[in-house]
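Engineer: The structure is given below, and queries will be raised subsequently.
Chains as they are written, first to last, in the numbering used here: chain A, 1 to 256; chain B, 1 to 551.
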């Protein structure tokens, strides 16, 4: 059974169709990359999967449960990491983690061991009893990561995972994602970093103007783009209709 | 006009005049404002007519109230400027963009001065005009009075903003860096004490009681003494009092009113150019990182942690709880007034008057509760900010979220209502049915109004507001306040008939007839049903709308 099953998902903002009949599925143990240019509908899709936006049409099934009919069960099984850290700045890091754990009814024993592990891993242990407002952007992002990773849900939905992270933390995150996938957990990942997508994702979907342009592994993408030995950047530019950018870039290089 | 003023101007235009024309929402706000303006004018007119009709002292008494109003407006404006000045000048998000640009401190000061003036004084200006205008009507001052009164209000507001900003810049520089954010606490404490002293020193109850003075001449002179010439508010009140009485104009006062705001403005600009950077630099150092908090054990109870989160966020945000000093001062002044009420000097028996006051006190307590709900409960959902996203994506249902919010705020408001009602009933020496009527009705009103504040707060939640205090002047907050007051008024009117009959029977022979019992039971059921419906509908609306404004 697929962990995430999105069928015919549509969302309009007034007359503008932000997401247009998008269908996709994510299997257990899979890291699924979700790419697209700015304004393509990635964040809108992600927000619908996380239960933040109500779709106009279509359905979302998480671990076999309908998000529309059983939102509480679906949210219990989904960990969402937004691109900007959502935090309560007047709580300390530890208080924030305790609050989040209480929302998901995390057991005391598991909370203790998981938080200790991740706080140490992300170098946040010495800061856990300080107010979040004193954290840097990267520390806040790592705290959000900790609040989600400590729960070990079957599905992680992540919008731009590496924003604000230092190279060490970025490396750690990538390894954690890989390890989670090996343990059978699924990750739905939106990113602008094609290197990360290429390195981590088993399958990649590209969305443009609200429509899913293509979905598949690197071979499928190469085949579709007609570029047999190309990297993801070339494929992405080809499939998103931005290939002409290459010419502009060469013109700029020539000028300089 | 300063280029820095453009974001403020554009946000204002986009909010109230989207697509270049007046929106239906703006139209409703305008109509609402006009109705309120007229209502204030009529109420002021009736109050001043009442004073005038008393006796020959009426005119002097009403002019004394005129002077007091100016002093109150001026003090309130200085305080609100100082409170919003700390966040607007030193903690604003746009400081990073503006201060890193080549814009001069002079330009920044002009932008902050204008925007803070508009934010803090527009309501005071708009709503003081009908009150002061009513004096002109009663004294038959003619339209020329308006030519002096309107600019005087604007000049007083400009001076108050100038003084508020000047003091704020100086204070931030005087305090150690890590206390910058706590300045608001000290300001509130200061203002609470000041308000208490001003009201107690003015002793308004003595103005209505000539017998407290050794002789009539003393009383007359205490009333007719012009306000102190050292306060700018007195320049305005003395200038207009002269015009109201005999159409005389003191041009020196006119000059002072026009020139002083400019002097204060340039003094503020001078101080800004020299001290702003030091203060701003300090403000950035003070972001809480210096302190370590105690770690507590985790227990997986959502409700307990929800309450703990709400409490911690409230306690650690000094701009929130510092206003409790103000509330404390108001409660003391409020209760003190019951102590000094001259009940024995009235023509009707003292216990009857006490019962009438106790009944009116239900409404006054309700008004305080509604006002405090507007300040604390209404913005509480929007105050979650981006953190609300965490709640929406968590398994916590909106139903439980709204219920927890309601329970969290219902408890302190229940305690406040009980303190206000039980203490004032004790001071009034109320016994018998009125004690129970006031406490039960007061509690029912409080529980419903808290639910209404949650419901309206969810519908009009602004998760992106930089300063939740700014939300208070918004359409949703005003709509909530007036709906809550209308609900309170209806409930008190429903209670009035059985309250009157119960108290009358109790005072006469302590015997209640069958019809009184039936009527009282019916009315209790009616207000209970109304309260339950109001609470349920408000909370349901809250649940339906809580997530709609997020994103």
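For every residue, glycine included, the Cβ atom is placed at its ideal position computed from N, Cα and C.
If you run the structure through DSSP and keep just helix, strand and coil, what is residue 80(A)?
Structural biologist: The answer is strand: DSSP assigns residue 80(A) an E or B state.
Engineer: Return the residues of the region 93-109 of chain B that lie within a Cβ-Cβ distance of less than 8 Å from chain A, sorted by chain order.
Structural biologist: Per Cβ criterion, the list is empty.
Engineer: Take residue 26(A) as the anchor and find which of 210(A), 191(A), 255(A), 184(A) has the nearest alpha-carbon.
Structural biologist: Residue 184(A) is the option with its Cα nearest to residue 26(A).
Engineer: Pair every Cβ in the region 223-240 of chain A with every Cβ in the region 79-86 of chain B, then say whether three or more of these pairs are closer than 8 Å.
Structural biologist: With a cut-off of 8 Å, the region 79-86 of chain B and the region 223-240 of chain A do not count as touching, because too few Cβ pairs lie within range.
Engineer: If I measure Cβ to Cβ from residue 101(A) and keep anything under 6 Å in the same chain, skipping five residues before and after, which residues do I get?
Structural biologist: Correct list, in chain order: 111.
Engineer: By the DSSP assignment, the beta strand (DSSP E) with residue 215(A) in it spans what residues?
Structural biologist: Taken as a continuous stretch (DSSP letters only), the beta strand (DSSP E) holding residue 215(A) covers 211-216.
Engineer: Using alpha carbons as the reference points, say which of 9(B), 443(B), 75(B) lies closest to residue 367(B).
Structural biologist: Per the Cα distances, 443(B).
Engineer: What is the DSSP secondary structure of residue 389(B), counted as helix, strand or coil?
Structural biologist: Residue state, collapsed to three classes: helix.
Engineer: List the endpoints of the continuous alpha helix (DSSP H) containing residue 542(B).
Structural biologist: First-last of the alpha helix (DSSP H) with residue 542(B): 514-545.
Engineer: So, with DSSP's three-state summary, where would you put residue 446(B)?
Structural biologist: Helix, per DSSP.
Engineer: Going along chain B in order, which residues have a C-beta closer than 8 Å to the C-beta of residue 99(A)?
Structural biologist: Result: 305, 306, 308, 309.
Engineer: Using a Cβ distance threshold of 8 Å, determine whether the region 200-208 of chain A contacts the region 217-227 of chain A, with at least three qualifying pairs required.
Structural biologist: They touch, by the three-pair rule.
Engineer: List the residues of chain B whose Cβ lies closer than 9 Å to the Cβ of residue 107(A), in chain order.
Structural biologist: By Cβ distance, chain B contributes 300.
Engineer: Taking C-alpha atoms, which residue in 338(B), 334(B), 402(B) lies nearest to residue 380(B)?
Structural biologist: Nearest of 338(B), 334(B), 402(B) to residue 380(B), Cα basis: 402(B).
Engineer: If we ignore side chains and look at the alpha-carbon of each, how far apart do residue 287(B) and residue 157(A) end up?
Structural biologist: For residue 287(B), the predicted model reports a pLDDT of 48, less than 50, meaning its position is unreliable; a value from the coordinates is still stated below. Their Cα atoms are separated by approximately 31 Å.
Engineer: Between the Cα of residue 523(B) and the Cα atoms of 432(B), 534(B), 494(B), which residue gives the shortest distance?
Structural biologist: Minimum Cα distance to residue 523(B) is reached at 494(B).
Engineer: Cβ of residue 316(B) less than 7 Å from any chain A Cβ?
Structural biologist: Output row for residue 316(B): interface = yes.
Engineer: Assign residue 9(B) to buried or exposed, taking buried as 16 or more other Cβ atoms, counted over all protein chains shown, within 10 Å of its Cβ.
Structural biologist: It counts as exposed.
Engineer: In terms of alpha-carbon separation, which member of 165(A), 211(A), 187(A) lies closest to residue 135(A)?
Structural biologist: Comparing Cα positions, the closest option is 165(A).
Engineer: With distance defined between alpha-carbon atoms, name the residue in 74(B), 4(B), 129(B), 75(B) nearest to residue 100(B).
Structural biologist: The option with the nearest alpha carbon to residue 100(B) is 4(B).
Engineer: Spatial neighbours of residue 271(B) within its chain, please: CB distance less than 7 Å, with the 5 preceding and 5 following residues excluded, ordered by chain position.
Structural biologist: Excluding residues within five positions, the ones whose Cβ falls inside 7 Å are 166, 169, 170.
Engineer: Starting from residue 150(B), trace the alpha helix (DSSP H) both ways and give me its first and last residue.
Structural biologist: Looking at the DSSP string, the run of the alpha helix (DSSP H) that includes residue 150(B) is 143-174.
Engineer: I'd like the list of long-range same chain contacts for residue 51(B), defined as Cβ closer than 6 Å, with 5 residues on each side in sequence excluded.
Structural biologist: Contacts found: 58, 61, 62.
Engineer: Beta strand (DSSP E) containing residue 33(A): first to last residue?
Structural biologist: It spans 31-35 - the beta strand (DSSP E) in which residue 33(A) sits, taken as one unbroken run.
Engineer: Please report how far the alpha carbon of residue 73(A) lies from the alpha carbon of residue 65(A), in whole angstroms.
Structural biologist: Distance between the alpha carbons of residue 73(A) and residue 65(A) is about 7 Å.
Engineer: Should residue 361(B) and residue 424(B) be called a contact, given that it needs their Cβ atoms to be closer than 7 Å?
Structural biologist: Yes; because the gap between Cβ atoms is below 7 Å, this pair is in contact.
Engineer: By the three-class DSSP mapping on this structure, what secondary structure does residue 240(A) have?
Structural biologist: Residue 240(A): coil per DSSP, three-state reduction.
Engineer: How about residue 141(A): is its C-beta nearer than 7 Å to some C-beta of chain B?
Structural biologist: It does not; no Cβ of chain B falls within 7 Å.
Engineer: Comparing C-alpha positions only, which one of 236(B), 299(B), 140(B) sits nearest to residue 68(B)?
Structural biologist: Of the listed residues, the one whose Cα sits closest to residue 68(B) is 236(B).
Engineer: What residues are listed by DSSP as bridge partners for residue 5(A)?
Structural biologist: Residue 5(A) pairs with 25(A), 61(A).
Engineer: Between 221(A), 159(A), 196(A), 178(A), which has its C-alpha nearest residue 48(A)'s C-alpha?
Structural biologist: Residue 159(A) is the option with its Cα nearest to residue 48(A).
Engineer: Please name the residue, chosen from 109(B), 72(B), 92(B), that lies closest to residue 267(B) on a Cα-to-Cα basis.
Structural biologist: Closest option to residue 267(B), Cα to Cα, is 109(B).
Engineer: So what does DSSP say about residue 16(A), is it helix, strand or coil?
Structural biologist: Looking at residue 16(A) - three-state DSSP - the assignment turns out to be strand.
Engineer: Pop quiz: residue 105(A) and residue 300(B) are said to be a contact at Cβ under 8 Å. What is the actual Cβ separation, rounded to whole angstroms?
Structural biologist: Confirmed, about 5 Å.
Engineer: Measuring CB to CB, does residue 527(B) end up less than 7 Å from residue 399(B)?
Structural biologist: Their beta carbons are not under 7 Å apart, which means residue 527(B) does not touch residue 399(B) by this criterion.
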